[in-house]
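To keep things clear, I will list the structure first and then write my remarks on it.
There are 4 protein chains.
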Amino acid sequence: MQVGFIGLGRMGSGIAGNLLKAGHEVTVYNRTRAKAEPLAAQGAKVADSPAAACKGDAVFTMLADDAAVEGVVHGEDGVLAGLAQDAIHISSSTISVALSKRLAAAHAKAGQRYIAAPVFGRPDAAAAGKLFVVAAGSADAVQTAAPLFEAMGQRTFVVSQTPDAANLVKLSGNFLIASVIESLGEAMALVGKAGVDKHQYVDILTSTLFGAPVYKTYGGLIADAAFEPAGFAAPLGLKDMRLTLAAAEDLRVPLPIASLLRDRFLTLLAQGGDKLDWSAIGGLAAKDAGENPD
Amino acid sequence: MQVGFIGLGRMGSGIAGNLLKAGHEVTVYNRTRAKAEPLAAQGAKVADSPAAACKGDAVFTMLADDAAVEGVVHGEDGVLAGLAQDAIHISSSTISVALSKRLAAAHAKAGQRYIAAPVFGRPDAAAAGKLFVVAAGSADAVQTAAPLFEAMGQRTFVVSQTPDAANLVKLSGNFLIASVIESLGEAMALVGKAGVDKHQYVDILTSTLFGAPVYKTYGGLIADAAFEPAGFAAPLGLKDMRLTLAAAEDLRVPLPIASLLRDRFLTLLAQGGDKLDWSAIGGLAAKDAGENPD
Amino acid sequence: MQVGFIGLGRMGSGIAGNLLKAGHEVTVYNRTRAKAEPLAAQGAKVADSPAAACKGDAVFTMLADDAAVEGVVHGEDGVLAGLAQDAIHISSSTISVALSKRLAAAHAKAGQRYIAAPVFGRPDAAAAGKLFVVAAGSADAVQTAAPLFEAMGQRTFVVSQTPDAANLVKLSGNFLIASVIESLGEAMALVGKAGVDKHQYVDILTSTLFGAPVYKTYGGLIADAAFEPAGFAAPLGLKDMRLTLAAAEDLRVPLPIASLLRDRFLTLLAQGGDKLDWSAIGGLAAKDAGENPD
Amino acid sequence: MQVGFIGLGRMGSGIAGNLLKAGHEVTVYNRTRAKAEPLAAQGAKVADSPAAACKGDAVFTMLADDAAVEGVVHGEDGVLAGLAQDAIHISSSTISVALSKRLAAAHAKAGQRYIAAPVFGRPDAAAAGKLFVVAAGSADAVQTAAPLFEAMGQRTFVVSQTPDAANLVKLSGNFLIASVIESLGEAMALVGKAGVDKHQYVDILTSTLFGAPVYKTYGGLIADAAFEPAGFAAPLGLKDMRLTLAAAEDLRVPLPIASLLRDRFLTLLAQGGDKLDWSAIGGLAAKDAGENPD
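This is the structure we're talking about:
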């Protein structure tokens, strides 16, 4: 297939590389052109504008947030202007449900197709083609895009014909991770104040009922109070809680733990935590409990 | 070793059976004597009182709650009266930190030793000798009891020389499970109201970051709204949140998620949920969101 | 003074009437022109567009929400287009802090002045000229507008030279009222389930420490479960919590009670409460506690 | 009437003084006898034991907490031993609902009568005979005690024939005060960070909808961050939240704001606030928001 790819951060570069390896013709675009060079060396064409990356059957966007996506979609050189009739915009960014709805409407009006296909997995999984793809869109569009999803991930979950449902699933996943961080933070503040070694505690948890990567990763970070450098920065955590709560408000679903998490992120940022990893909210319970920072 | 065992529910019977298989001489006691018969058939002696089960090197108690433990410990026929000097009371029940402190003091005064050794695992793991034992007590007592722990579990974690630290670790584990139930309940209310299939959603979670037994088990129960019959009844969930919060109050550790969980259990019970499984709190978010029960 | 008035709901009509009585020349505008007639009978001129109401020294806007205010401000016939250099836009609507910031910037750019002047008080206080005005803006603008504030209210509080600070004070006031409703709802669910008469309970509270109008009004509504018809509808309560939380997020101030209140409003609306008074969140605690509705 | 009075702190001394002034024969007892002397000078007899103060028609207890009350009730020299048949124990202390239930049962078994009659008001109101009395007990007992209540307060509210209902009303009142402190603390953290003067803000609130003593008193303390010396110490605030939540748990009433308040008090105490006034929880929101202490 002929496919464009807009957004060559660590996630996007990994995915675009795998699309190339699978034999697709890939045209890439990135605001900072230098990031396109490694892919050009692997055979990608480099476009001068978002629209110029939209000449094929489909175009991916993999960008930081709503504003970045809207920045490449609209305008003379944007995706909406560049994409052919029936061609597909595959949005893999973690964006708001509201923006995903607006994109679906805009592409429908322009006679184009739109799939939301956010992913679970970190940059190393993207590079290895081991992502999990959560896709939603019309059955025909998803079928057309299937070979692309196969190239980038180990498994594709099609969750709905309504694209924004996939964005909601992605956001809810980040909400659940943050829930694990907070509950671990509380439990570790408790047993830690009673003198239990926090590393041993994480070992107990992950050896028994909580043997998931998320407990190992975040339990370790909290036990070490190792919140720098940020793998996923605290302001992004706040953003995802905000987007989750906004989507939940539109659907009229109260989420008390998400509300609590939002307050935790605000506390963290108000106290200077902008550069910390989002797991630093897992240190707030100990701080409230009067534990002295090491 | 010569060892007594008081409390032959599903957990206790499994553990006592494995002590027998490992070659220990076991004297069992249960208020309802009929429950002792299968173990008698495997070679256990049957005692007529708690004290009569305390004639060996150690005695286990594995009972429902604080009141049940206090009921067998005190009085003429109780554990304190029956246990020899230096013999060990191994308390494996999920009891309060406060009671564990009182037991430690009472046994010390009586010249006896005391270990708290609650376990992680369900009745099938108890029967198979696959429990995880979380033990705390004096180094000499724990060393003496080590062969017993080996017979009953796959791994022993010694977390402290202060016995009640083990009770706190156990309680905190149940707090973390309840946190998973609540956060899953919120996430599933959210994506469910957007039309995503709840079983598929659980499949996505457990295939990606949340591949722990606790997510599979409780995600499935919430997706099916299958809260009867109770594996672990809602009033026991409330009890464990209460014990966790009481221990946290003594240590002065605020636990906002535990507070929220306590309120959830109260809501569930106030609305008639006494006979439901504790995972039924995972259905409250959907109810708040106006979802019709099936 | 020559002054325009846009938005002739119950609050706006009362205020405009008092401006007339105080001798000011008032030109009114309302989308539904019929509402302007009683004021015309009192001597007001009636304008055909927002811009046409902006020919004097100042123009008030008193509208339902952000969208309504933006609707009259922008465009060819809008306030920005109609207002003279140095003339003042006095915004008395309960709007978002973010919109107030944008209005301040837009008027500054157009060489006009801008005051935020939301009010405390109900329609009867507006009609009687007994409102409390919370004003913020440049000292010269506030001084110019002082005779207008005197005509409409019993007291003016100038809280800042930054207009949006006044909007924040207004929103925080609604947050505090909702806090009273929720805490009263919890307390009354508690004593009510113990058999105490709820009306007598409100009488005790208001006779002792809580002798403020807000306790009398809302305590009575909760005791009677009299949530229809709505004096201030539940969706407006949710809106004000949302605006409060959004402003707090920008300032990085966590507000756990506001988060809880937002969840309460969502629960109320998810269960069909759109037409209820916002005090109906005060009935949720009793519902959670299993109290049967009368 | 002949009446005993046990507990001569600031509240008790004021009440006992007014009983004397009203012409009743009063026998007082206090652990520290020196506190009885001013009352002896006014005509009171001084007893050597709690039982010795129980020889009349009724005896009041006005003590710090459950333990103090239980300390004077039980034992050879206690109230239960000293009180005649049909004589009345009037318990005015702020105690737990559970203890009040136990006292009711114990006095019934002993053929004595029991009224719970906690009060609203501070020591100056006690001295002036201006308390509000919240009484519950059998109709005949309350009728007998009516002249005593008249002597000590400006108004008596009889809320139930079940004594502990009065204790619950008293606890719920302290819960509502703490709710005001927390919500004011949040609102003032918010407007304060936006640059609004906190004293002016309190003035606005108390001039408009929130003109109750509780807003004036606590708003001023929070604006000044004047949390020392303690009028009512933070550990007592935690105790009252604990008693409120315990009573609510027995009645199965979830109280999310009370849960939040309990966490606030724990945070305050964990960070060294034992000697602060309970209004210091009203400073935590500003601290979370990163405001520097003065």
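These protein sequences, in sequence, are chains A, B, C and D.
Each residue of the first sequence is one higher than the one before, counting from 1 in our numbering.
Each residue of the second sequence is one higher than the one before, counting from 1001 in our numbering.
Each residue of the third sequence is one higher than the one before, counting from 2001 in our numbering.
Each residue of the fourth sequence is one higher than the one before, counting from 3001 in our numbering.
In this text, a Cβ means the ideal position worked out from N, Cα and C, and glycines have one as well.
The beta strand (DSSP E) enclosing residue i, as first and last residue numbers
i	result
residue 2156(C)	2153 to 2160
residue 3058(D)	3058 to 3061
residue 3070(D)	That residue, residue 3070(D), is in no beta strand (DSSP E); its alpha helix (DSSP H) goes 3066 to 3073.
residue 3232(D)	Where residue 3232(D) is concerned, there is no enclosing beta strand (DSSP E), given that its DSSP letter is neither H nor E.
residue 2005(C)	2002 to 2006
Whole-angstrom distance between residue j and residue i, CA atom to CA atom
i	j	result
residue 3285(D)	residue 228(A)	26 Å
residue 1030(B)	residue 1039(B)	11 Å
residue 124(A)	residue 3210(D)	57 Å
residue 230(A)	residue 278(A)	7 Å
residue 3010(D)	residue 3193(D)	39 Å
residue 1147(B)	residue 1023(B)	10 Å
residue 3201(D)	residue 3236(D)	28 Å
residue 3214(D)	residue 245(A)	34 Å
residue 92(A)	residue 2174(C)	40 Å
residue 3273(D)	residue 3007(D)	27 Å
residue 1190(B)	residue 259(A)	14 Å
residue 3170(D)	residue 1251(B)	27 Å
residue 3032(D)	residue 3017(D)	17 Å
residue 1071(B)	residue 1013(B)	19 Å
residue 2068(C)	residue 2099(C)	11 Å
6 Å CB neighbourhood of residue i in its chain, flanking five on each side removed
i	result
residue 3097(D)	3164, 3167, 3168, 3247
residue 1133(B)	1117, 1119, 1149, 1153, 1156
residue 137(A)	115, 163
residue 1021(B)	none
residue 45(A)	27
residue 3158(D)	3135, 3142
residue 3047(D)	3027, 3029, 3053
Interface partners of residue i on chain B, CB under 7 Å
i	result
residue 3267(D)	1254
residue 149(A)	Those do not exist, as residue 149(A) stays about 14 Å from chain B at its closest Cβ, beyond 7 Å.
Under 7 Å from the C-beta of residue i: neighbouring residues of chain A
i	result
residue 1155(B)	207
Partner residues on chain D for residue i, Cβ-Cβ distance less than 7 Å
i	result
residue 289(A)	3270
residue 2182(C)	3257
Partners in chain C for residue i, counting only beta-carbon separations shorter than 8 Å
i	result
residue 3168(D)	2190, 2191, 2194, 2196
Residue-level contact to chain B via CB, residue i, 8 Å cutoff
i	result
residue 3263(D)	yes
residue 201(A)	yes
The alpha helix (DSSP H) enclosing residue i, as first and last residue numbers
i	result
residue 3081(D)	3079 to 3082
residue 3013(D)	3010 to 3021
residue 1210(B)	Careful: residue 1210(B) lies outside any alpha helix (DSSP H) and carries neither H nor E.
residue 2177(C)	2164 to 2193
Below-8 Å beta-carbon distance, residue i vs any chain A residue
i	result
residue 2249(C)	yes
Residue i at chain C interface by Cβ criterion, 8 Å
i	result
residue 3176(D)	yes
residue 3052(D)	no
residue 3211(D)	yes
Residues that residue i contacts on chain A, provided the C-beta gap is smaller than 8 Å
i	result
residue 1134(B)	204
CB contact check: residue i to chain D, cutoff 8 Å
i	result
residue 2214(C)	yes
residue 2227(C)	no
Same chain, Cβ closer than 8 Å to residue i, neighbours up to 5 away in sequence not counted
i	result
residue 2056(C)	2001, 2002, 2003, 2004, 2025, 2027, 2087
residue 3181(D)	3218, 3222, 3278, 3279, 3281, 3282
residue 1161(B)	1136, 1137, 1138, 1139
residue 3262(D)	3238, 3241, 3242, 3245
Contacts around residue i, its chain only, beta-carbon distance under 7 Å, and the 5 residues preceding and following it disregarded
i	result
residue 3145(D)	3058, 3088, 3090, 3115
residue 3077(D)	3049, 3050, 3051
residue 1177(B)	1214
residue 3205(D)	3215, 3219
Under 8 Å by beta carbon: chain D residues contacting residue i
i	result
residue 2260(C)	3256, 3257, 3260
Chain C residues whose Cβ lies nearer than 7 Å to that of residue i
i	result
residue 2980(D)	Shown here, chain D extends from 3001 to 3294; a query on residue 2980(D) therefore has no answer.
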